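S.K.:
Protein chains in written order, with this note's numbering: chain A, -17 to 48; chain B, 354 to 1048.
Okay, structure coming up:
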């Protein structure tokens, strides 16, 4: 029983994490954890700056199809 | 023992699929249950994925998981992000699944359920999925380069230029035709127009929230947005019931077309965070929810298929659009079986986020199978309604003789019995003023979906809510494609203009932004307006044009894929991309030829123009209508010219590719492959993504 609830909790955690990644909710956290940011090669963007910059990049190329 | 068991399971799946297919193809007795469609499609997809995609992965592409992908080599947390394969599958599917697989099969249902269903399943397994998978693989091996860049490097400069032109052509025609679908869905419908109009202030509210209050908190903002959208779907009924508000939101086709054109311009010129992005978030959630609900609804309700397997319109005299099954069924289905536009996604964001090469099979091939399944569901929804109702909704007034008793008797004379009262009752039940002459696929799909949903929850009482939910779902994500496409088109116009005058290419220079937005909106807006005033309903001329441009881009992608396979020394296996390419070229060229030169005025653009010229010469057109008729003549000739240009582009590309292939095969030219050098991966075999890797 305890094992089943642990497995369910793990699956739900994964689902939640996947959902946040899918919709872009976790984008800033992923950005902060990327090797590129951690090495400090460029100044780290704030959450606000990152949000706008990421949207401008995403919507400058085909990202929705027919 | 385990191996034998596996073999038995796969044998059962294959036999079940074959039996379901045989039932669909040969059953001529009582109405067929939709479950057979689901079983046939799912079994075929499973077998195609297990066998054919595995063969392509192992023998043709020889995927290599020891090789670092662009996401690993350039991981910057922005473009290049190693992503869990399930999450990336969701991303990729959300990007490729647009209105095409819903509208195309709904329109193709006029031939009966069989031709469209066969092409949806076989076309996806052998052409569409292969195209997406191979292009994704090619882009991964080239640091995520775009289709245009790959065409330039691997085929020729001219090939790259044709790819760029094809993208611009497809964007222009696509935006016009989906705009027309929305116009026909909202025309004379205050409820639907109010609901969709309200999604704009909701998106603006979300945009401000995400920009200033809680930057980047997409999930919580989307949940609030979806709740508000569902509320306005219900509130639309109050608007429709109020005589004064109902008048405000009852708009003609032309008024709606101008409203959509103004919206496209605003979405392109305004900051992306304000309108475009929040609307996209709403659309993504509602799209995922509606598609999932439709699948569950079909399985739960198991509706009877009332449309015959083949209708009398296989002869080319169809009221929805004219032309025989070959080539028009294939051109019409388009995205549900193979879509050139997908190659832009497969060579865009996805290759930069993929974790391992082997994931390309699941994401490239698998996501397209799912899109094909969406097409099969749309076909089921369209064919589950009485054929008479289907033709009443989708036929233009010039074909059926308007609405009411005259139209009902025309449709009944085709062998699909219909009472005018049936349409009145249905319109009343779904909360519309009328359902006659609503060509474009969206209203008939919404009726089909609403019937399935209401059989699951709520019965007839909730039919109107479900109908307007379905219309909102279709229109919302069509407008998302429209605004995102307009913005991409604007960047392409700025890029082209920048070659003439550099400041024009600066995306932050306001005059450049406004002028380029106006140019791209004027391009598709013209075709949209032309479709709205077309006496044949517009879909008859614009949807085939869209199909042709889409398949042209697929031909470009398959030429690039074949050339790369040849350079990789996989000559033995090039039929994998060569055969779909040949098929696409044959159907596209045949359709182009017929759309230009057919003597039937309902098919050939020039024949239509000539018939109108003859009517003017014979004095059959009243003096006050002559200027309008001359505009229609010009539009038909313009459509013929556009089709001709697309056909010439295909021919130039094929000749270009053949010359290139001959030079390589005769060893006059060395096959230089522009792959990125091999770098071994440093990730452990069980690493599963930037955040999932922590598990």
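In this text, a Cβ means the ideal position worked out from N, Cα and C, and glycines have one as well. Computed from a predicted model, the values in this text were never measured in an experiment.
(1) Give me the Cα-Cα distance between residue 866 of chain B and residue 874 of chain B, rounded to the nearest whole angstrom.
(2) Hey, quick one: how far does the alpha helix (DSSP H) through residue 1022 of chain B stretch, first residue to last?
(3) Would you say residue 718 of chain B and residue 1041 of chain B are within 7 Å of each other, going by their C-beta atoms?
(4) Name, going along the chain, the residues of the stretch 878 to 905 of chain B whose beta-carbon falls closer than 7 Å to a beta-carbon of chain A.
(5) Is it right to say residue 652 of chain B is buried, meaning 16 or more other beta carbons lie within 10 angstroms of its own, or is it exposed?
(6) Could you work out which residues of chain B lie near residue 25 of chain A, taking near to mean beta carbons separated by less than 9 Å?
(7) Just to check my reading of the structure: residue 880 of chain B and residue 525 of chain B have Cβ atoms closer than 8 Å, yes? What is that Cβ distance to the nearest angstrom?
(8) Out of curiosity, what's the CA-to-CA distance linking residue 708 of chain B and residue 914 of chain B?
(9) Please confirm whether residue 599 of chain B and residue 593 of chain B have their CB atoms less than 7 Å apart.
(10) Quick one, which residues of the stretch 815 to 848 of chain B are near chain A if we go by CB-CB under 8 Å, in chain order?
(11) Per DSSP, what are the beta-bridge partners of residue 657 of chain B in this structure?
(12) Would residue 1029 of chain B and residue 496 of chain B qualify as a contact pair, given that the criterion is a beta-carbon distance under 7 Å?
(13) To which residues of the same chain is residue 0 of chain A closer than 6 Å at the C-beta, ignoring the five residues directly before and after it?
(14) So, is the C-beta of residue 435 of chain B closer than 7 Å to a C-beta in chain A?
(15) Is it right to say residue 743 of chain B is buried, meaning 16 or more other beta carbons lie within 10 angstroms of its own, or is it exposed?
(16) Quick check: the stretch 917 to 930 of chain B against the stretch 895 to 907 of chain B, are at least 3 beta-carbon pairs closer than 8 Å?
(17) Under three-state DSSP, which class holds residue 447 of chain B?
(18) Taking the CB atoms as reference points, tell me whether residue 1117 of chain B and residue 529 of chain B lie closer together than 7 Å.
(19) When DSSP labels each residue in this structure, what does residue 858 of chain B get in the three-state scheme?
(20) Would you report the Cα separation of residue 39 of chain A and residue 432 of chain B, rounded to the nearest angstrom?
(21) Check this for me: beta carbons of residue 833 of chain B and residue 46 of chain A, under 7 Å apart or not?
(22) What's the C-alpha gap between residue 361 of chain B and residue 402 of chain B?
(23) So with Cβ pairs under 7 Å, would you call residue 20 of chain A a contact of chain B?
(24) For the alpha helix (DSSP H) that contains residue 777 of chain B, what are its first and last residues?
(25) Tell me whether residue 685 of chain B sits in a helix, a strand or coil according to DSSP, three-state version.
(26) If you run the structure through DSSP and keep just helix, strand and coil, what is residue 1033 of chain B?
(27) Is residue 724 of chain B buried or exposed, if buried means 16 or more other CB atoms sit within 10 Å of its CB?
(28) So, does the CB of residue 428 of chain B fall closer than 7 Å to a CB anywhere in chain A?
(29) What residue does the alpha helix (DSSP H) around residue 963 of chain B start on, and which one ends it?
(30) Going by Cα to Cα distance, which pick from B:1006, B:961 and B:966 is closest to residue 989 of chain B?
(31) Checking contacts by CB at 7 Å: is residue 665 of chain B closer than that to chain A?
(32) Could you tell me whether the stretch 12 to 19 of chain A touches the stretch 450 to 468 of chain B, where touching means 3 or more Cβ pairs closer than 8 Å?
(33) What does the Cβ neighbour count give for residue 748 of chain B, buried or exposed, with the cut at 16 atoms within 10 Å?
(34) Identify the continuous alpha helix (DSSP H) that holds residue 707 of chain B and give its terminal residues.
(35) Indicate the three-state DSSP secondary structure (helix, strand or coil) for residue 1046 of chain B in the structure shown.
(36) Between the beta-carbon of residue 1003 of chain B and the beta-carbon of residue 910 of chain B, is there less than 7 Å?
M.R.: Inspection of the coordinates gives the following:
(1) In the second chain, the residue the question calls residue 866 of chain B occupies position 513. In the second chain, the residue the question calls residue 874 of chain B occupies position 521. Each residue's Cα considered, the two are about 12 Å apart.
(2) Position 669 of the second chain, counted from the start, is the residue given in the question as residue 1022 of chain B. Counting along the chain, no alpha helix (DSSP H) covers residue 1022 of chain B, and no H or E run does either.
(3) The sequence position of residue 718 of chain B within the second chain is 365, counting from 1. The sequence position of residue 1041 of chain B within the second chain is 688, counting from 1. No.
(4) 903
(5) Locating residue 652 of chain B in the second chain gives position 299, counting from the first residue. Exposed, because fewer than 16 other Cβ atoms sit within 10 Å of the Cβ of residue 652 of chain B.
(6) Residue mapping note: residue 25 of chain A aligns to position 43 of the first chain, counting from 1. Neighbours of residue 25 of chain A on chain B: none; closest Cβ ~13 Å, over 9 Å.
(7) Your numbering for residue 880 of chain B matches position 527 in the second chain. Your numbering for residue 525 of chain B matches position 172 in the second chain. Indeed, because the Cβ distance is near 7 Å, the residues count as touching under 8 Å.
(8) Translated into the one-based positions of the second chain, residue 708 of chain B becomes position 355. Translated into the one-based positions of the second chain, residue 914 of chain B becomes position 561. Distance between the alpha carbons of residue 708 of chain B and residue 914 of chain B: 22 Å.
(9) Residue mapping note: residue 599 of chain B aligns to position 246 of the second chain, counting from 1. Residue mapping note: residue 593 of chain B aligns to position 240 of the second chain, counting from 1. In this structure, residue 599 of chain B places its C-beta atom within 7 Å of the C-beta atom of residue 593 of chain B.
(10) 833, 834, 837, 838, 840, 841 and 844
(11) Counting from 1 along the second chain, the entry for residue 657 of chain B is found at position 304. DSSP output for residue 657 of chain B lists B:386 as bridge partner(s).
(12) For this step, residue 1029 of chain B is matched to residue 676 along the second chain. For this step, residue 496 of chain B is matched to residue 143 along the second chain. Closer than 7 Å, so yes.
(13) For the purposes of this step, residue 0 of chain A is taken as residue 18 along the first chain, with counting starting at 1. Within the same chain, no Cβ atom closer than 6 Å to the Cβ of residue 0 of chain A is found once the five residues on either side in sequence are excluded.
(14) For the purposes of this step, residue 435 of chain B is identified with residue 82 of the second chain, where counting begins at 1. No - not a single Cβ of chain A is within 7 Å of the one on residue 435 of chain B.
(15) Here residue 743 of chain B is taken as the residue at index 390 of the second chain, counted from 1. Result: buried.
(16) no
(17) Sequence index remark: in the second chain, residue 447 of chain B carries index 94 (1-based). In the structure shown, residue 447 of chain B sits in a helix (DSSP, three-state: H, G or I).
(18) Past the boundaries of the shown model lies residue 1117 of chain B; chain B is included only from 354 to 1048, so the question cannot be answered.
(19) Locating residue 858 of chain B in the second chain gives position 505, counting from the first residue. Residue 858 of chain B: helix per DSSP, three-state reduction.
(20) The sequence position of residue 39 of chain A within the first chain is 57, counting from 1. The sequence position of residue 432 of chain B within the second chain is 79, counting from 1. Rounded to whole angstroms, residue 39 of chain A to residue 432 of chain B spans 8 Å at the Cα level.
(21) Taking the first residue of the second chain as position 1, residue 833 of chain B is located at position 480. Taking the first residue of the first chain as position 1, residue 46 of chain A is located at position 64. Contact: yes.
(22) The residue given as residue 361 of chain B occupies position 8 in the second chain. The residue given as residue 402 of chain B occupies position 49 in the second chain. Each residue's Cα considered, the two are about 17 Å apart.
(23) Here residue 20 of chain A refers to the residue found at position 38 of the first chain. It does not; no Cβ of chain B falls within 7 Å.
(24) Indexing the second chain from 1 puts residue 777 of chain B at position 424. Counting along the chain, residue 777 of chain B sits inside the alpha helix (DSSP H) bounded by residues 773 to 782.
(25) The count along the second chain starts at 1 and reaches residue 685 of chain B at position 332. Looking at residue 685 of chain B - three-state DSSP - the assignment turns out to be helix.
(26) As a working note, residue 1033 of chain B is residue 680 in the second chain. Here residue 1033 of chain B sits in strand by DSSP.
(27) As a first step, residue 724 of chain B is located in the second chain; it is residue number 371 there, counting from the start. It is buried - the Cβ of residue 724 of chain B has at least 16 other Cβ atoms within 10 Å.
(28) Counted from its first residue, the second chain places residue 428 of chain B at position 75. So, interface residue.
(29) Position 610 of the second chain holds residue 963 of chain B. Where residue 963 of chain B is concerned, the enclosing alpha helix (DSSP H) stretches over 958 to 970.
(30) Residue 989 of chain B sits at position 636 when you count from the first residue of the second chain. Among B:1006, B:961 and B:966, the Cα nearest to that of residue 989 of chain B is on B:961.
(31) Start at 1 with the first residue of the second chain, and residue 665 of chain B comes out as number 312. No, residue 665 of chain B does not count as interfacial toward chain A.
(32) Cβ pair count under 8 Å is below three, so no.
(33) Taking the second chain and counting its residues from 1, one reaches residue 748 of chain B at position 395. Buried is the call here.
(34) In the second chain, counting from the first residue as 1, residue 707 of chain B sits at position 354. Unbroken run through residue 707 of chain B: none, as it is neither H nor E.
(35) Start at 1 with the first residue of the second chain, and residue 1046 of chain B comes out as number 693. Residue confidence is low: residue 1046 of chain B scores 47 on pLDDT, short of 50, so the model does not pin down where it sits. Its coordinate-derived value is still stated next. If DSSP states are grouped into helix, strand and coil, residue 1046 of chain B belongs with the helices.
(36) Sequence index remark: in the second chain, residue 1003 of chain B carries index 650 (1-based). Sequence index remark: in the second chain, residue 910 of chain B carries index 557 (1-based). Against a cut-off of 7 Å, the Cβ pair of residue 910 of chain B and residue 1003 of chain B comes out as no contact.
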